[in-house]
Amino acid sequence: MNLGEIIFLITILATLGGAAMAVLSGSIVYAMMGLVTTMFGIAGLYVYLNSPFLAMMQILIYVGAVSVLIAFAIMLIGPLYRKPKEWTTVGKFVAALGVALVSLFMFVRFVMETFPRVGNSSFKITTKEIGRLFFNNLVLPFELISLLVVVAILGAIMLALFSRGNK
Amino acid sequence: MTDLIYNNQHIYLFVALFLLFLGIAGVVYRRTLIGMLVSMELIMNGAGLNLVALNRFVSPENGYGVAFTLIIMGIAAAEAAIALGIIMLIFKKYKHIEGGDLKEMKD
């Protein structure tokens, strides 16, 4: 086992541990920290999948934008530690575990039936190829994404204005 | 060369599957709306990891999986912005953000 494999295993452990922390921790701030850990771990997995541009985008968008947005929402909503008693109930935990285990066992069969492949090291998608793909073959999804982002910005502004008017 | 552990398809698929499992469990288990949103981000990250892994191992000659993962990132960012705006409005109206107590969404 060389150094790359050890770092790979550490990355996977960080990803799964962060995800478990994001789901199971009692405080919502710890959940956000677990989400950030998971994002960094997935960026490392993208590097191992020979896509460094995607890893950079992952860190830039998720860690830089979405997590900061969630952190600001937590800070604006205020103290969430006032009701620590009813945060976790046993029945709800059992129900969540049941629902998730059904989906897990349903998809484990699909994963086990896929042919185990071993990648060659010639896979390399450069940024130039991604740009050409977006502007040649995927023009319609690209434009729809721009439209969706514009609608989201306008919707967020309208929500903020309405809340100020109602107060 | 083919013996390396990170050159194997199933590891990435199982990591993505575990992210999906934890995300579904979190959507049901979490009480607050922000916790549910965090779990949905986990599900979307699992989907992106799945797409990139299948692109790298099954069809390495084009980059559709990478492109669609970028599209998923854009969708997740827009969704998080809108959802957090709605959560702020719910907090201003009800003074809490617990999902189980929201009986009505009208004015």
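Chains as they are written, first to last, in my numbering: chain A, 1 to 167; chain B, 168 to 274. Note that beta-carbon positions come from the ideal geometry of N, C-alpha and C, so glycine has one too.
Residues that DSSP places opposite Thr-199 (chain B) in a beta bridge: Looking at the DSSP output, Thr-199 (chain B) bridges to B:Glu-265.
Beta-bridge partners of Val-118 (chain A), as assigned by DSSP: Within the DSSP secondary-structure output, Val-118 (chain A) pairs in a beta bridge with B:Asn-175.
Burial state of Gly-44 (chain A), where buried means 16 or more other Cβ atoms lie within 10 Å: Gly-44 (chain A) should be labelled buried.
Buried versus exposed call for Phe-8 (chain A) [16 or more other C-beta atoms within 10 Å across all chains shown]: By the neighbour-count rule (16 or more Cβ atoms within 10 Å), Phe-8 (chain A) is buried.
Spatially closest choice to Ala-22 (chain A) from B:Leu-209, B:Leu-200 and B:Val-182, by CA coordinates: Taking only the C-alpha atoms, the option nearest Ala-22 (chain A) is B:Leu-209.
Contact the segment 182-194 of chain B vs the segment 151-164 of chain A: 3+ CB pairs below 8 Å: Note that the segment 182-194 of chain B does not touch the segment 151-164 of chain A; fewer than 3 beta-carbon pairs, one per stretch, sit closer than 8 Å.
Test: Ala-135 (chain A) CB closer than 8 Å to a CB of chain B: Sequence check: residue 135 (chain A) is Phe here, not Ala. False, the Cβ-Cβ gap to chain B never drops below 8 Å.
Pick from A:Asn-2, A:Ser-27, A:Ile-42 and A:Met-33 that is closest to Ile-12 (chain A), judged by C-alpha positions: For Ile-12 (chain A), the closest of A:Asn-2, A:Ser-27, A:Ile-42 and A:Met-33 by C-alpha to C-alpha distance is A:Ile-42.
Per-residue DSSP class, three states only, for Lys-260 (chain B): In the three-state reduction of the DSSP assignment, Lys-260 (chain B) falls in the helix class, which pools H, G and I.
Chain-ordered chain A contacts of Gly-193 (chain B) [CB-CB under 9 Å]: Ordered by position in chain A, the residues that pass the 9 Å Cβ test against Gly-193 (chain B) are Ala-19, Ala-22, Val-23, Leu-24, Ala-31, Ala-96 and Ala-100.
Under 7 Å by beta carbon: chain A residues contacting Ala-220 (chain B): Per Cβ cutoff of 7 Å: Leu-49.
Whether Leu-97 (chain A) touches Ala-244 (chain B) by CB criterion (8 Å): Contact check for Leu-97 (chain A) against Ala-244 (chain B) fails: the beta carbons are separated by 8 Å or more.
Closest residue to Met-203 (chain B) among A:Val-36, A:Met-39 and A:Ala-31 (Cα-Cα distance): Checked all of A:Val-36, A:Met-39 and A:Ala-31; the closest Cα to Met-203 (chain B) is A:Ala-31.
Sequence-distant residues of its chain with Cβ nearer than 7 Å to Met-211 (chain B) (five each side left out): Excluding sequence neighbours, Met-211 (chain B) sits near Ile-239 and Ala-243.
Cα-Cα separation between Asn-222 (chain B) and Asn-229 (chain B), rounded to whole angstroms: Put simply, the backbone Cα of Asn-222 (chain B) is about 8 Å away from that of Asn-229 (chain B).
Pair within 8 Å by beta-carbon distance, Ile-70 (chain A) and Val-219 (chain B): Going by C-beta atoms, Ile-70 (chain A) is not nearer than 8 Å to Val-219 (chain B).
Within-8 Å CB hit, Ile-74 (chain A) to chain B: Yes, because at least one Cβ of chain B sits closer than 8 Å to the Cβ of Ile-74 (chain A).
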